[in-house]
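Notes follow the structure.
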Amino acid sequence: MVGAGYVGLTTASCLAQLGHSVIGVDVDATKVDHLNSGVIPIVEDGLESITRQMLDAKRLVFQLGYSDSIKSAEFIFLCVPTPQDEDGSADLTYIREAVTSLLPFLASGSIIVNKSTVPVGSTLVVEEIVRREDIFVVSNPEFLREGSAVHDFLHPDRIVVGSSDRRAAQRVADLYQSLNARVIICDPASAETIKYAANAFLATKLSFANAIAALCEHVGANIDDVIEGIGQDKRIGNQFLKPGPGWGGSCFPKDTRALVKIAESAGYDFELLRGVIDFNEIQFDRIVDKVRKAVGGTLTGKNIAVLGLTFKAHTNDLRDSPALRIVEHLQLQGATINAYDPTVTNPLAQVNICKTPIETCDMTDAILIATEWPEFVSLNPSEIGKVVRSKNMIDARNILDADLWRAAGFTYQGVGR
Ligand code: NAD
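Here you go:
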């Protein structure tokens, strides 16, 4: 397993649990040391205990860098980052580096399995670096959700395997046999497209929910009821149809932009997706407007309590978090920020990180719920009301009981409620 981050670590530990022997290779010495002592750097339900069990069972070991031990591997999974380049396209530097480092250690007949999210055509890029007929390259995109990564690995909706060699594809599919999942075997370009299309569709669905929420505010409808009403239609479904502060995280922003670029390079203007990306920026502004409106029209000199910083609950991942985007906008307009997140203790630029929600709300002019951590649902409005300077609640995740907060004297604004 090359790269022991969110995807690589989850895949390494779970494949070991399925009975395979796994070596996790990473270039980060501190991470490798921590992992070998069973300390994992990410918050993922169940991952630490599986990792420890597998280390104890000696089916899993982590190593720093590349060595002869890789020669025993039948499958080499690439799980390295594919960040956004300056022009929005996916940057393949880490993929190229990892594959180049692997070259002296590839055993004949082994399969390089690409789990990183890569532009269409990247299987060929890897094949061109390897240039060996006895090594196969297979695309096997990853669909796990942070916050439920272990569950998603063990109960996948589908396994996608893309290869021009049917036998190599089947060997990869067989690794997952005991999961009894639906397997889709296709060509590499289709597998690579499936991953981007899935993320683009999910981002579109979220933006659609945000647009309908905005419409609800204009026409006096309630988004909770509207979503229940449309979500019952099986053709639509009720998942991923929740309004919020705008989507973010380590995947959607970079993957949607990369897909626009992939389309552009292939001569297709993906206007629909460009619209979805632009609309998401507007959503951040809409939340900032709600806060500004609550505090009387200007944010200058106002102190705002932000509850939640991670891009979603049950993870400690801050990459491209909507909460951070909104904090940045609030600061630019002159606000100072107190913030609390159950997983964030390290300092953040110009943000006063607090230890509890009540400390965060002390002497603030408005409270913004930016991440849907369950502990915020049970906040006590009377207690919070005693410490704030003004009773303004902006619930960008629609998780609070609006009536309860209003009854305690707060002005309450949700999204489309
Ligand atoms: P990550 O940043 O959490 O982990 C990447 C790891 O790769 C790091 O530990 C880093 O030290 C290591 N690394 C970098 N260069 C290396 C090299 N040359 N050799 C060995 N290790 C190296 O990234 P991630 O979130 O796991 O994402 C990995 C890929 O999976 C990306 O393409 C991403 O788009 C995709 N993906 C991510 C998710 C997710 O939810 N995070 C879901 C599906 C797909």
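Residue 207 in my numbering sits at position 223 of the sequence shown, with consecutive numbering throughout.
Using N, Cα and C, we set each Cβ at its ideal position, and we do this for glycine too.
By the CB criterion at 7 Å, L39 and V6 fall outside the cutoff. Uninterrupted beta strand (DSSP E) stretches at least 3 residues long and entirely within the stretch 61 to 137 occur at 95 to 98 and 120 to 123, given in chain order.
It is roughly 25 Å from the alpha-carbon of I351 to the alpha-carbon of I211. For the stretch 160 to 235, the continuous alpha helix (DSSP H) assignments of 4+ residues that do not extend past its boundaries occur at 172 to 203 and 207 to 215, in sequence order.
With contacts defined as CB atoms closer than 7 Å, F394 and K370 fail to qualify as a contacting pair. In this chain, the beta strand (DSSP E) harbouring N287 covers N287 to L291. The beta-bridge partner set that DSSP reports for I383 is empty. Here S73 is buried, its C-beta having at least 16 other C-beta atoms within 10 Å. Looking from the CA of V27, the closest CA among E81, P67 and T(-6) belongs to T(-6). With contacts defined as CB atoms closer than 7 Å, L31 and V134 qualify as a contacting pair. Residue burial annotation: T84 is exposed, with fewer than 16 other C-beta atoms found within 10 angstroms of its C-beta. In the same chain as N264, and ignoring 5 residues on each side of it, the C-beta atoms closer than 7 Å to its own belong to S191, G230 and W231, in chain order. Residue pairing by DSSP puts L352 in a beta bridge opposite V290 and I378.
In its chain, beyond the 5 residues on either side, P125 and V144 have a beta carbon closer than 7 Å to the beta carbon of I178.
With three or more CB-CB distances shorter than 8 Å, the stretch 272 to 291 counts as touching the stretch 371 to 391. With contacts defined as CB atoms closer than 7 Å, A380 and V290 fail to qualify as a contacting pair.
Collapsing the DSSP output to three states places F59 in a strand. When rounded, the separation of the alpha-carbon atoms in Q397 and I119 is 57 Å.
When distances are taken from the beta-carbon of S234 to the heavy atoms of the ligand NAD, the shortest one is below 6 Å.
If you ignore the 5 residues before and after I261, its C-beta comes within less than 6 Å of the C-beta of T240, all in its own chain and listed in chain order.
Under the three-state reduction of DSSP, L302 is assigned to coil, being neither helix nor strand. A residue is called buried when at least 16 other Cβ atoms come within 10 angstroms of its Cβ; P65 meets this threshold and is buried.
For G259, the three-state secondary structure derived from DSSP is helix. Close CB contacts of T340 within its chain, under the 8 Å cut and outside five residues either way in sequence, are with Y324 (chain order). Put simply, of I60, E81 and A193 the residue whose alpha carbon is nearest the alpha carbon of N206 is A193. Relative to the non-hydrogen atoms of the ligand NAD, the Cβ of S305 never comes closer than 6 Å to any of them. Shown here, F360 sits in a helix according to DSSP, grouped into three states.
Distances from the CB of D12 to the heavy atoms of the ligand NAD include at least one below 6 Å. In its chain, beyond the 5 residues on either side, W231, F236, T240 and V260 have a beta carbon closer than 7 Å to the beta carbon of A187.
Residue pairing by DSSP places I337 opposite A323 in a beta bridge. The continuous stretches of beta strand (DSSP E) do not include V372, and DSSP gives it neither H nor E.
Annotation for I143: the continuous beta strand (DSSP E) segment containing it runs I143 to G146. In terms of Cβ geometry, D349 and K286 form a close pair [threshold 7 Å].
Separation of S106 and N222 (C-alpha to C-alpha, rounded to the nearest whole angstrom) is 34 Å.
For V(-9), the enclosing alpha helix (DSSP H) covers residues Y(-10) to Q1.
Annotation for Y180 indicates a beta carbon at 6 Å or more from all heavy atoms of the ligand NAD.
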